[in-house]
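Input: a single structure, listed below in structure tokens.
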Amino acid sequence: MDELVERLKMPNAAQRMNTLGRWLVDAEPLTIWERDTRLLSRAGRKWRRRALEFSRRFIRPVAVEADLHHHEFDRRAFINKAAKRGFLSLLMPAPFGRANLRAYLRSTIFQVILIAEEFCTESGGIGLLLLVHYLGIAPILLSGHFPSYIRHLIPLQLKSMTDNPTLMAFAITEPSAGSDVEETEGGATARLVTTAKKTTGGYLLNGRKVFISNGQLADKITVFAKLGGEALDSWTCFLVDKKMDGFSVGRQERKMGQRPSDASEIILEDVFVPNKNIIGKLRGGWALNRNVLNYSRPAIGAMAVGMARGAFEKTLHFCRETFLGDKRLIDYQDVQLELADMFTQLWAARSMVWHSCRTLRSNQAAAAATKVFATDTAYAVCNKAMDLMGDHSYIRTGGVERALRDVRLTQIYEGTNQINRLALIEQQWEAEIEGSEE
Amino acid sequence: MEIQLSQEEISEFAGLAGKFAQSSLRSYLNPEFSDGEIERLPQILEEARKTGLLADAENSYGVWGFDLNAHPDVSLKLLTILAEVCGGAAMCFHQNGLAFNILHFLSSPPSELSFRTVAVALQESHTIPHVESILKNTSAPVFETQVVRGENGQWLLRGAKRFVYSLPGNEAYLVFVQDGDEPAAALLPADSPGMKIKPLEPRLGLAACRVEYLILEDVLLEENRIFRGKEVGAALLRTLFIQWLGISAIAVGIGRGALKAAGKYAGERYQGGTTIENHPAVQRLLSGSEENIVSAEAQLNQKWRLDAMDTNSLRKAATTKRSVTRLCTQAVSDALQCFGGYGYMEDYGMEKRFRDVHTLKAMVGSPFYLQRLIHHWGGEA
Ligand SMILES: Cc1cc2nc3c(=O)[nH]c(=O)nc-3n(C[C@H](O)[C@H](O)[C@H](O)COP(=O)(O)OP(=O)(O)OC[C@H]3O[C@@H](n4cnc5c(N)ncnc54)[C@H](O)[C@@H]3O)c2cc1C
Chain A
1 MDELVERLKM
11 PNAAQRMNTL
21 GRWLVDAEPL
31 TIWERDTRLL
41 SRAGRKWRRR
51 ALEFSRRFIR
61 PVAVEADLHH
71 HEFDRRAFIN
81 KAAKRGFLSL
91 LMPAPFGRAN
101 LRAYLRSTIF
111 QVILIAEEFC
121 TESGGIGLLL
131 LVHYLGIAPI
141 LLSGHFPSYI
151 RHLIPLQLKS
161 MTDNPTLMAF
171 AITEPSAGSD
181 VEETEGGATA
191 RLVTTAKKTT
201 GGYLLNGRKV
211 FISNGQLADK
221 ITVFAKLGGE
231 ALDSWTCFLV
241 DKKMDGFSVG
251 RQERKMGQRP
261 SDASEIILED
271 VFVPNKNIIG
281 KLRGGWALNR
291 NVLNYSRPAI
301 GAMAVGMARG
311 AFEKTLHFCR
321 ETFLGDKRLI
331 DYQDVQLELA
341 DMFTQLWAAR
351 SMVWHSCRTL
361 RSNQAAAAAT
371 KVFATDTAYA
381 VCNKAMDLMG
391 DHSYIRTGGV
401 ERALRDVRLT
411 QIYEGTNQIN
421 RLALIEQQWE
431 AEIEGSEE
Chain B
1 MEIQLSQEEI
11 SEFAGLAGKF
21 AQSSLRSYLN
31 PEFSDGEIER
41 LPQILEEARK
51 TGLLADAENS
61 YGVWGFDLNA
71 HPDVSLKLLT
81 ILAEVCGGAA
91 MCFHQNGLAF
101 NILHFLSSPP
111 SELSFRTVAV
121 ALQESHTIPH
131 VESILKNTSA
141 PVFETQVVRG
151 ENGQWLLRGA
161 KRFVYSLPGN
171 EAYLVFVQDG
181 DEPAAALLPA
191 DSPGMKIKPL
201 EPRLGLAACR
211 VEYLILEDVL
221 LEENRIFRGK
231 EVGAALLRTL
241 FIQWLGISAI
251 AVGIGRGALK
261 AAGKYAGERY
271 QGGTTIENHP
281 AVQRLLSGSE
291 ENIVSAEAQL
301 NQKWRLDAMD
311 TNSLRKAATT
321 KRSVTRLCTQ
331 AVSDALQCFG
341 GYGYMEDYGM
351 EKRFRDVHTL
361 KAMVGSPFYL
371 QRLIHHWGGE
381 A
């Protein structure tokens, strides 16, 4: 019987086919990771492999401590280490960055999302710590404003390739305006407190921003402010240097997960920002902000997939090592069914992330849908991991509960998943929801 | 003789738990600490003991107090009320009450009344013990931890226990073990020579209640602290039954607490030109959360009986634990989502509820393992 089963297994059975038939069978024992990697361009393969290696070699050993005692974790040194290896400069091709030009022209953010998933398999918080830099730079890149490129983007990019980058953060959220600065109709009624007042040679910024990732650590922040008493349509992006007078960091939030990166309050008291630090056009900030989110949301999807993959890999290990009765957990069919579901969900989410990023320009509907699907799916996968591991899952040094805590944030920031669903409807409204049917 | 309570007495009891939760437990949840001021917990539990809510050898009422044996629903109600404010603290009431209830069941009147806090040590691996042999009346061993004869004829305990839930400063352990072909139980003082206690820290949630590993290296047993005979098997089943129902009740309480907090927040937070309770997106979250909690409550509010423990009632309790904790984790997650980013921060207490309820789902039989059990026991029913 056992022998027959062996003969019936595909690699053996295929030996009875003729040569071409045999060649058409793909029964190579490859991991899904390897299979997916082989689908990528050369540059994509390179960055995916490098990020995996970095993540295992450098993130894995510090992941637990960076979560438990994040105040003692030397974040700056860690960022410098990643920057030196090119992981902070993939938003532009050579000579201003390390992205491969051909791959970049097909998709601006593809190389970034590849490393995002890998980093987050070991630690969502360290992933965020490294990736927020891109979010901070994105407004300058997407502004399409050449003077800003020359004054700010190129120097920042060149520094990003060294072992001492100028670290960036991104600030839109205010105490009374979270979803309102991510959604059109809410935006019209937003209660904003951060304002920019014209003065000689520049603007005076006053107000507060909250929940700013890496707000405490960053050297420079792209801050969005309304002009004087105007509404959100006057929003303008300013590059604020932390050393500017009147800038201070307030409260640092105590959050459930992604703890290696701080979420801080930014206080602006008569901060003078010179005209040359206006990013893009005056009053062009709202559109710029929305477009930044279109580029960053798929990356959040990739991060979530990474976190869930980390939980999955740990669960797989647990099921291999743990016995129930005289059999390993992994040898039970019901465990295999659960694991297959997790494989499938992760694969589907990654496919969607990759699919949504296969264009040079990022699209609102694709970005929002990807963020919703990938983060909800990743959360479901982490839940399954907890369900399989039982009591072992809640031990904090194990990593699975950390993935659950970390992944939960991806359903909230960059617009809650509810707001992202509305963003999809908004974008598709004319084209296919209310538009005439053919 | 089992004591029957009137409806008024039950409501009075619930009122007492409500008052205690709102006054003492709420103050314990000092927002400066992610899981409450754990150091103040012993003092709060002492207050609860005086109030009569924490069952022990002296107080036969309170959560799982043996004078409430005819009313498991009362213990469940008390746990739900306490957990609305703090799941971890409710867990302490549950674990201590459970231990004394089982002690009383094994030896009535309890042979040992000098301990104020006792924890039940049941698990040895990643999941609950295989109680098949008890249900089927066979002699297959349930535990690896053994009672053995020492050189001088004394009784010794050898093995290890994992995932033991106990109160801070716990004084004794009721350890389930194997004694030849039969399961037995032994009451061990926490300072027993040969017993090493390893706290399992840090954990996802329920921080108020400790989790420990016990390493038992030839721990000397006193004859009058070993329980043998048919009752031990029944006590084991009763332990699982009470664990699953108590955990379910705590999950429902956490869910209720989360929903109330989210409803309140939704009425205060202004976004999109109105308070967020007016957005269908938020209404969907709130009503989804409520739907899950109401379903969980309906499952919990059954006619439970502690005196007739058979495969069917155990199976029902396992189903309830599995289903209720799943519904409640979803309910808490939806409620948390209503808070946006604030839900993720420690100050609003939602992230604590999220961590606590997820811990409940994972403990004492994971959803995956319970599903196997439920199916397996179904074949026997
Ligand atoms: C850890 C962390 C890091 C962050 N990092 C950054 C950062 O680096 N930079 C930055 O600028 N921001 C950052 N944020 C802010 C984040 O993007 C916001 O928290 C998020 O957009 C939600 O806003 P809110 O928290 O104010 O929730 P609210 O907007 O108050 O939302 C509360 C609830 O109401 C719902 N809701 C609100 N308005 C509507 C509407 N019009 N229609 C339907 N439903 C609605 C929401 O979906 C949600 O369920 C971060 C947040 C967190 C938690």
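Read top to bottom, the protein sequences are chains A and B. 1 is the number of the first residue of the first sequence in full-length UniProt numbering; add one for each residue after it. 1 is the number of the first residue of the second sequence in full-length UniProt numbering; add one for each residue after it. Backbone N, C-alpha and C define an ideal beta-carbon position, used for all residues, glycine too. It should be emphasised that the depicted structure is a prediction, and the values quoted were computed from it without experimental measurement.
Just tell me which of the options has its CA closest to the CA of residue i.
{"i": "I3 (chain B)", "options": "B:P367, B:F33, B:S23, B:D67", "result": "B:D67"}
{"i": "I197 (chain B)", "options": "B:T359, B:E151, B:K161", "result": "B:K161"}
{"i": "E230 (chain A)", "options": "A:V249, A:L192, A:R208, A:I221", "result": "A:L192"}
{"i": "H152 (chain A)", "options": "A:K220, A:A365, A:E253", "result": "A:K220"}
{"i": "T359 (chain A)", "options": "A:S213, A:L158, A:T108", "result": "A:T108"}
{"i": "I266 (chain A)", "options": "A:A171, A:M307, A:G310", "result": "A:A171"}
{"i": "L29 (chain B)", "options": "B:K264, B:A318, B:E84", "result": "B:E84"}
{"i": "L293 (chain A)", "options": "A:E414, A:P155, A:S143", "result": "A:E414"}
{"i": "A99 (chain A)", "options": "A:Y149, A:R42, A:G127", "result": "A:R42"}
{"i": "L300 (chain B)", "options": "B:L360, B:D307, B:S323, B:L167", "result": "B:S323"}
{"i": "D191 (chain B)", "options": "B:T138, B:V118, B:S133, B:T145", "result": "B:V118"}
{"i": "N291 (chain A)", "options": "A:A138, A:E53, A:A14", "result": "A:A138"}
{"i": "I59 (chain A)", "options": "A:E118, A:N18, A:F96", "result": "A:E118"}
{"i": "S213 (chain A)", "options": "A:F146, A:L422, A:M168", "result": "A:M168"}
{"i": "T189 (chain A)", "options": "A:Q216, A:L232, A:Y203, A:S148", "result": "A:L232"}
{"i": "L204 (chain A)", "options": "A:I278, A:H145, A:L141, A:R408", "result": "A:I278"}
{"i": "S75 (chain B)", "options": "B:W64, B:L82, B:A99", "result": "B:W64"}
{"i": "V177 (chain B)", "options": "B:D218, B:G18, B:G255", "result": "B:D218"}
{"i": "G194 (chain B)", "options": "B:A14, B:L216, B:E144", "result": "B:L216"}
{"i": "S55 (chain A)", "options": "A:A431, A:H69, A:I126, A:L339", "result": "A:I126"}
Go ahead and pull the three-state DSSP assignment for residue i.
{"i": "C237 (chain A)", "result": "strand"}
{"i": "A381 (chain B)", "result": "Here the model assigns A381 (chain B) a pLDDT of 40, short of 50, so the residue's position is not dependable and the matter cannot be decided."}
{"i": "F66 (chain B)", "result": "helix"}
{"i": "L316 (chain A)", "result": "helix"}
{"i": "F146 (chain A)", "result": "helix"}
{"i": "E434 (chain A)", "result": "coil"}
{"i": "D218 (chain B)", "result": "strand"}
{"i": "S264 (chain A)", "result": "strand"}
{"i": "K197 (chain A)", "result": "strand"}
{"i": "M309 (chain B)", "result": "coil"}
{"i": "residue 397 (chain B)", "result": "Because residue 397 (chain B) is not part of the residues shown, which for chain B are 1 to 381, the question remains open."}
{"i": "M17 (chain A)", "result": "coil"}
{"i": "K371 (chain A)", "result": "helix"}
{"i": "Y61 (chain B)", "result": "coil"}
{"i": "K226 (chain A)", "result": "strand"}
{"i": "Q252 (chain A)", "result": "strand"}
{"i": "F354 (chain B)", "result": "helix"}
Less than 7 Å separating the Cβ of residue i from some heavy atom of ligand 2?
{"i": "T37 (chain A)", "result": "Because ligand 2 does not appear in the structure shown, any question about it cannot be addressed here, the ligands present being ligand 1."}
Could you pull out every unbroken alpha helix (DSSP H) segment of at least 4 residues lying fully inside the segment 57 to 109 of chain A, listed in chain order?
60 to 68, 75 to 84, 101 to 106
I want to know whether the segment 223 to 241 of chain A touches the segment 308 to 317 of chain A - three or more CB-CB distances under 8 Å.
no
Between the segment 335 to 346 of chain B and the segment 297 to 314 of chain A, can you find at least three pairs of beta-carbon atoms closer than 8 Å?
no
Do the segment 199 to 215 of chain B and the segment 350 to 361 of chain B meet, that is, are 3 or more Cβ pairs less than 8 Å apart?
yes
Against chain A, which members of the segment 337 to 349 of chain B pass a CB distance test of less than 8 Å?
Q337, G340, G341, G343, Y344, M345, E346, D347
Is the segment 271 to 282 of chain B touching the segment 176 to 188 of chain A in the sense that three or more CB pairs, one from each, lie closer than 8 Å?
yes
Check whether the segment 90 to 99 of chain A and the segment 330 to 345 of chain A are in contact - that is, three or more C-beta pairs closer than 8 Å.
no
Jot down the residue ranges of each uninterrupted alpha helix (DSSP H) in the segment 125 to 176 of chain B, minimum 4 residues, whole runs only, in chain order.
132 to 136
Taking only runs that begin and end inside the segment 193 to 271 of chain B, name each unbroken alpha helix (DSSP H) of 4 or more residues, in chain order.
230 to 268
Validate contact between the segment 258 to 266 of chain B and the segment 219 to 236 of chain B using beta carbons, cut 8 Å, 3 pairs:
no
Chain B contacts made by the segment 371 to 394 of chain A, where a contact means CB separation under 9 Å
Y379, N383, K384, M386, D387, L388, M389, G390, D391, H392, S393, Y394
Taking a cut of 8 Å between CB atoms, which residues from the segment 176 to 189 of chain A lie near chain B?
S176, A177, G178, S179, D180, E183, E185, G186, A188, T189
Segment contact flag, the segment 12 to 32 of chain B with the segment 150 to 158 of chain B, C-beta cutoff 8 Å, min 3 pairs:
no
Contact set between the segment 132 to 164 of chain B and chain A, restricted to residues whose Cβ is under 7 Å from the partner:
F163
Decide yes or no for the touch test of the segment 195 to 204 of chain A against the segment 212 to 227 of chain A: beta carbon pairs closer than 8 Å, at least 3 of them.
yes
Which complete alpha helix (DSSP H) runs does the segment 373 to 426 of chain A hold, if anything under 4 residues is left out?
400 to 410
Closer than 9 Å, Cβ to any Cβ of chain B: which residues of the segment 410 to 421 of chain A, in chain order?
Q411, I412, Y413, T416, N417, Q418, I419, R421
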